[in-house]
Every structure is written in structure tokens, then in C-alpha cells.
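Participant: Numbering follows the working numbering, with no gaps: position 271 of the sequence shown is 268.
What follows is a structure written as C-alpha cells; I'll ask about it next.
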Amino acid sequence: MLLRLQTQALGGVRAGQGRPLALVLAALLALALAVGGDGPLPSLRLALFNAYQLHLPRQRASGPVQIIAIDEASLKEFGQWPWPRTRLTELIEHINAQQPLAIGLDILMPEPDTTSPEALASRLPPGPLRDSLAALPAYDDVLAAAMRRAPVVLGAAGFAHPEPGTSDALRVWPVHVKAPPAAAPASPLPVMRFPQAMSSLPLLQAAARGQGLLSVNLEKGIVRRAPLLGAVGDTLVPALSMELLRVATGSSALEIEADADGVRSVSVGDLRVPTSPDGAVWVNFSAPAMDRYVSALDVMRGRLDASALQNKIVIVAMTGLGLTDYKTNARGDFMPGVDTHAQMIESFFDGAFLRRPPAMRWIEVAVFGACSLLLVWLLPKLRLLVAVPLGGAIVAGLFGGGALLFARAGLLFDAAAVSCAFGLVGLSLLTSMLTAAVRDRKQSERALQVARVSAAKTAGELGAARRIQMATLPQPALSFPGETRFALDALLEPAREVGGDLYDFFMLDRDRVFFMVGDVSGKGLPASLFMVVAKALSKSIALRGPWEMAAIMNGANRELTRENPEMLFVTSVAGILDAVSGQVFLCNAGHDAPRRLTVDGRVEHLQAADGPPLCVLDDFEYPVQHYQLRPGECLCLTTDGINEAMDEAGNLYGNERLDRLLAALPATSSATPAAVVQAVRDDVRLHVGQAEPSDDLTLLVLRWDGVA
-2 MLLRLQTQAL GGVRAGQGRP LALVLAALLA LALAVGGDGP LPSLRLALFN
48 AYQLHLPRQR ASGPVQIIAI DEASLKEFGQ WPWPRTRLTE LIEHINAQQP
98 LAIGLDILMP EPDTTSPEAL ASRLPPGPLR DSLAALPAYD DVLAAAMRRA
148 PVVLGAAGFA HPEPGTSDAL RVWPVHVKAP PAAAPASPLP VMRFPQAMSS
198 LPLLQAAARG QGLLSVNLEK GIVRRAPLLG AVGDTLVPAL SMELLRVATG
248 SSALEIEADA DGVRSVSVGD LRVPTSPDGA VWVNFSAPAM DRYVSALDVM
298 RGRLDASALQ NKIVIVAMTG LGLTDYKTNA RGDFMPGVDT HAQMIESFFD
348 GAFLRRPPAM RWIEVAVFGA CSLLLVWLLP KLRLLVAVPL GGAIVAGLFG
398 GGALLFARAG LLFDAAAVSC AFGLVGLSLL TSMLTAAVRD RKQSERALQV
448 ARVSAAKTAG ELGAARRIQM ATLPQPALSF PGETRFALDA LLEPAREVGG
498 DLYDFFMLDR DRVFFMVGDV SGKGLPASLF MVVAKALSKS IALRGPWEMA
548 AIMNGANREL TRENPEMLFV TSVAGILDAV SGQVFLCNAG HDAPRRLTVD
598 GRVEHLQAAD GPPLCVLDDF EYPVQHYQLR PGECLCLTTD GINEAMDEAG
648 NLYGNERLDR LLAALPATSS ATPAAVVQAV RDDVRLHVGQ AEPSDDLTLL
698 VLRWDGVA
């Protein structure tokens, strides 16, 4: 009926209805889209750009970068990291023999080599061996000499806070900033800045031909953008990727083009890379390419082709398990951090830049405005069955156009934010049109009256069901008249009108008492009905005999499984107390472990559940737990309605609070089960306060007093 009224209203409303409000909303949303940065919905925008990269990865047109991986095979062959500097020297010499354009070291060496001869000599007593070792060249000097013969670029890691081994002094090569006088930045460039950085020894920095930052931006743990330029203190430092390109092209400096907003591009040689104002770029990732990696072991053993590294940019990095910081890129690939630098260089060689120029947000505003005006003009004239496909087609066109711009031009168009804003305008129009529809007041009042009568009837039926359900539970005060060997009390408070918790107790014979507590899955009437069935069947089986705990529990499980059309289950703890000897036999079917309250005030948790809930496995044979009570000791059985009772802030009552309460009670020899039940009930109510009960509350306390 409601859908028919809405359709009639949509067909009969006036053409101008809802348009003014929609136009005002569209103007506000256009202002939100025009805001810079990551827009009004940054998470949605980044997820869309991730999807572009995942489904439209960059195709590799060249392979200018080779990563020499210090991998598991290398570590197994040459020993654990760190290697002696002579081993690293040997690796660099093998790489340099193939005449690469540049060799980047994604490795930090801030401390001298502890395996160097002079380091070993300092730990020896005076003597010939110490003198011989001291006369040998230092390993750091050997490595520095090899670096002077090779086009090596060192890496450095920026730190937000001073740490041991960090410094604000780095040896870097010139970075020239070009800006028109009228557009020169009024303050330092808004690049990623670090107070200090960790780098290699000054000796090694002096021997290298360049040094670049290894740090990249992580957005919620994902690499999407990477800086081409950063700063340590007041010194501009290029990223490792750009410094490798500078050394590879033989350029003397990096050229930075800037304006009043910040960095516009970073250039080296003939390569110009457009950037965002903070000097970062969106990394255009390809699918994982294992041929980009070569094991250091293969290099050291001469297994590579003689020209495999010739005229390439080589990056040496640790990829062995536990030695590297693997990162997740925008495609969702979990790769070593060095892979980002390699892919950046590769995309620069291929000219495959990802760009989101400042004008892109104005293009998005214009597209949103055009789509919104079209919708405002057409929607009030159309019926719902035509309007919905039209809106869907526009949204599909936005996403398709964004994907096309990404694939063909590397442009990042935020179709997600535009589509959401467009959807809000459409929703505003629909809401206005539906609100303006004429409704039959009398029919609404009649329907409301019918609903009230039905609700009152249902409430009365639920009240009757609650009274019937509670009447089936035995009354502790009337169940064992004249009994002095044990005392028992129990409580059940349904969270709703009816509940699914249960308890029961009765004498099997003159010396043995059966007791149980259970919790039916689900809530409301189905759970309450199954609770009554479970209680009745369990009692019937127990009274038919044989009076053994395992037989009672196993029989109840089989009977309940057959009488379970709603596929419910019951967690339960049931037991038999021998009133003469104090022996207790328990079976636990997926329920919380009972507690024993000792005469000296301790609270002991008995064995946890050793079987599944009833009605889960129909042929499961439940094992029996055996305990011996001392006179005055109590058993306390609860359901999760106690420990999971929540206050208004959502805080749970918890097992620890229950244990503290029970331990703080007077000695169980003087505290009656009724007093224990009342104390728990009052404390749970105090915790819950004015909050609505979240579950049924059930508690059974049994104390054995022994034979007088």
C-alpha cells in the first residue's frame, strides 16, 4: 500500500517540487568538493584510487631497476646479518664490475663494524696477536675505498624524535629551488620534515656519490604516496629514488620548481616529475614482478649474465625474514619497502606518472554541478521506475570516466565523492517529493489504532506466558521441608517478558538431590518454549532412572535433539549431590564453569566445560566430573547473564567482580544460599543501574552442611 501511494505521489507532484532545496544542497556540496586536501570523504577517495591500481595496474615497458636482495638464501650461505663490511665490499665490487649506472644501498650503517680487526684487537690483551690485528686495515676503510670506485648512493631514514644514532647533519648534494619572485614561497617548502635522521658513518658518506631519504608516507599502514623531496632540519634531502636518478644521469644537482603553494615538480637531467605541494607523488604500482629481484648469493657466485646489471640502477636491500620492513602498497601487495623506490624509478622511466593536479577538484565540482542540474531538471518530471535507472546510469558513467582517465592519462578523478554528493541531491529530491504526497489521514489513524490493539494483545499474551513459565520453576523454600543436610536457593530474572534460562532441582531419592542450570540460545518466545521443553525432558529422564549423571545428561541430549525443529541448543551444568557423603557428580555441556565457595572464603573455579552444548552432537557421551564437598562448602552455578550484564556505558559486570563479591561474603558456614543469591542479585543491579537488561539472569547456590 505504501509503495503504491509513493508511486502515485511521484507521478502527480508539481514539476517544481523539491527543486529549491536540492539546489541549495547542491551548492553546499559543491563547496565541500572544492576544499583542497583529500576531500570530504578521504577514506572513500583513497579506496577508489586503490581500486584503480588493483584493477588497472601499470604495465611495465622497461626494467631499469634491479634489486639485489639479501634474502634467506644469502643469509644461509654467508651468515646472519649484519655481515662484515668486507662481505658487503665484495658484493659492491661484484655489482660494479657489470658497470651499473648507480648502486643504491637501502642499508643503514651508523656504527663501526664490530668484526673489524681493530675492534677485535681492542678486546684482546697486549701481545703479538693484538698487534697483528691492529696492523690490518679497518673494514670500514675497505668498504669506503670500494664505494669510491663505484657510483654508490647511501640511504638515510628520517626520525620524528631524536634517537640514539640519529643526527641533524647529513652530507647531501645540491638541491636548487627555482621560483618566480612573485610566486616564491613565503616560508620553507611544505615537504616532509624530520628533526634528525639516521645515516651511515661519516667515512662512508664521504665516500658515496649521493645520499637520499628512504622514508615514505604511510596512510593507515598503506603506501600510496611517496616524497621525492624531504628535509632533515633545514636541509633539503632528495628521496633515494631521485638521488639514484641524479647519479645515474651524471647530474650535479636536483632542480625544484616551486611557487607560493609549495613544490610543483622535481627535475633531474631531462626528467621532470610533477608533484603535489608537499613534494610527494602518487606511486604508480605495477603487479608484483619477481624478475625485479636477484639474490645477492647469485651475484656473489657469479651466476648472473655478464651484462645483467649493465646500465641499470641497482638497489641493494635486505629482504630476508625478519630483516626488512614489508609494507602494503595501494594494490594490497605486501612487498619489501625497497619495492616502492624501484617502482617509482621504473614509472619515471616509462613516463607513467599518476597526477592529481590542483585543477582536478574544480573539474570534479563542474562535473557534479552538471549532473546535479540535469537531475534537478529531470527527476520531478519522471516516475520512480525511470528516475532510478537514470541516476544509476549517471553514477556508472562517473566511475567509468574516472577509470578511463586513470588508464589513459594517469589522472586521479574522485568519482566516489562526486557520486556520493550526487546521490545526496537525488535523495533530497525524492524525500521532498515523498513528503509532499497526499496521505489518507483517516486510513493512517485506523491503521495506527489497529496496531495499538495488536500491541496490547501481544503484551497481554506475553505477560501470561511469563507467568506460566515462572510457575514451572521449583520454589527453593518449599522444595525440601525439614532438610538439614543441605540448603539451596535459586533465582531467574528474564531480560524480557519471557526468557530462555532455566534451573531445576529435585530429590532422586531420599539421599540424592539433582540440580541443573541452563541457557537456551536465542531470545523471546522460541527460547522460552524450548526452555520449558528442556526442563521437562531433563526431569523426566532423571526420574525414570538409572540415576547416574552421565546417563541423565546423554539421554537429555538425545531427546532434545529429536524435539528441536528450530535448531536451538542449550548450554547446561547438571549435577547430583549425595547429601550423606557430600560427593558431587557434574556434567558440563558447554556452560560456564561452576564455582566452589570454600569454608575459608576462597572461590575456586571447577573444571571448564568438557562437552558441547546440548543439541549440537546427538551421540556425544558427556564425561562426569567428581568432587568432594566439605561441610559448609557451596556450589555456585550461573549463566552468562551475570558476567555479561552491562551498565549504561556498555561495561560488563565480569567474572572478576563476581569472584571478588563471593570471596568478600561471610564464611559460607554462616552465609545461607539465599544470602549469597541476594548479594549477587543486588550487586548486579547496582552495576546495571538504569540500563536495559541485556540477558536473562540465573543463579543457583547449593550448600552441603553434612550429616549431624
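Ideal Cβ positions, reconstructed from N, Cα and C, are used throughout, including at glycine.
Specify, as a first and last residue, the run of the alpha helix (DSSP H) that threonine 337 falls within.
Facilitator: Going by DSSP, threonine 337 is part of the alpha helix (DSSP H) stretching over 335 to 347.
Participant: Straight-line CA distance for alanine 29 to threonine 163?
Facilitator: Between alanine 29 and threonine 163, the alpha-carbon positions lie close to 42 Å from each other.
Participant: Roughly how many angstroms lie between the CA atoms of valine 364 and phenylalanine 346, to the nearest whole one?
Facilitator: 33 Å
Participant: Quick one: using the 10 Å Cβ neighbour count with 16 as the cut-off for buried, is proline 473 buried or exposed?
Facilitator: Result: buried.
Participant: According to DSSP, simplified to helix, strand and coil, what is glutamine 5?
Facilitator: With a pLDDT of 42 at glutamine 5, under the threshold of 50, the modelled position of that residue is not reliable, and the figure given next carries that caveat. Of the three classes helix, strand and coil, the one that applies to glutamine 5 here is helix, per DSSP.
Participant: Check for me: the alpha helix (DSSP H) holding leucine 655 runs from which residue to which?
Facilitator: 652 to 661
Participant: Smallest Cα separation from proline 271: which of Ile360, Leu408, Leu210 and Ala143?
Facilitator: Leu408
Participant: Check serine 537 in the structure and name its three-state DSSP category.
Facilitator: helix
Participant: Do you know offhand how far leucine 632's Cα is from glycine 218's?
Facilitator: Between leucine 632 and glycine 218, the C-alpha separation is close to 50 Å.
Participant: Starting from the Cα of aspartate 138, find the closest Cα among Leu198, Pro285, Leu565 and Leu117 and give me that residue.
Facilitator: It is Leu198 whose Cα lies nearest to the Cα of aspartate 138.
Participant: Report whether the distance from the Cβ of leucine 371 to the nearest heavy atom of the ligand PLP is below 8 Å.
Facilitator: The ligand PLP is absent from the structure shown, which contains no ligands of any kind.
Participant: Note down the Cα distance separating tryptophan 544 from methionine 550, rounded to an integer number of angstroms.
Facilitator: 11 Å
Participant: Sorted by chain position, which residues of the same chain lie with C-beta nearer than 8 Å to glycine 366's C-beta, five sequence neighbours on each side aside?
Facilitator: Ala23 and Ala27
Participant: For leucine 534 and alanine 524, I'd like the C-alpha separation in whole angstroms.
Facilitator: 15 Å
Participant: Flag this pair as touching only if the segment 220 to 238 and the segment 293 to 303 have three or more C-beta atom pairs under 8 Å; answer yes or no.
Facilitator: no
Participant: To the nearest angstrom, how far is it from the Cα of proline 161 to the Cα of valine 150?
Facilitator: 23 Å
Participant: Tell me the DSSP secondary structure of tyrosine 624 in three-state form.
Facilitator: In the structure shown, tyrosine 624 falls within a strand segment according to DSSP collapsed to helix, strand and coil.
Participant: Give the secondary structure of lysine 324 by DSSP, where H, G and I count as helix, E and B as strand, and everything else as coil.
Facilitator: strand
Participant: Cα-Cα, which of Pro333, Arg127, Pro187 and Ala99 is closest to arginine 145?
Facilitator: Distances from the alpha-carbon of arginine 145 to those of Pro333, Arg127, Pro187 and Ala99 put Ala99 closest.
Participant: Glutamine 202: buried (16+ other C-beta within 10 angstroms of its C-beta) or exposed?
Facilitator: Residue environment for glutamine 202: buried (at least 16 other C-beta atoms within 10 angstroms of its C-beta).
Participant: By the three-class DSSP mapping on this structure, what secondary structure does serine 304 have?
Facilitator: coil
Participant: Buried or exposed: which applies to arginine 592, given that a residue is buried once 16 or more other Cβ atoms fall within 10 Å of its Cβ?
Facilitator: buried
Participant: Give the DSSP-derived three-state secondary structure of arginine 352 in the structure shown.
Facilitator: strand
Participant: Taking C-alpha atoms, which residue in Phe410, Gly394, Trp78 and Ser212 lies nearest to isoleucine 360?
Facilitator: Phe410
Participant: So what's arginine 523 in DSSP terms, helix, strand or just coil?
Facilitator: Sequence check: residue 523 is proline here, not arginine. In this structure, proline 523 counts as helix in the three-state DSSP scheme.
Participant: In three-state terms, what does DSSP make of leucine -1?
Facilitator: Because leucine -1 carries a pLDDT of 36, less than 50, the predicted location of this residue cannot be relied on, and the following value inherits that uncertainty. Note: leucine -1 maps to helix in three-state DSSP.
Participant: Quick check: the segment 118 to 128 against the segment 325 to 342, are at least 3 beta-carbon pairs closer than 8 Å?
Facilitator: no
Participant: On the DSSP bridge assignment, give the partners of asparagine 585 in chain order.
Facilitator: Val570
Participant: Of the choices Val62, Arg678 and Gly423, whose alpha-carbon is the least far from that of valine 313?
Facilitator: Val62
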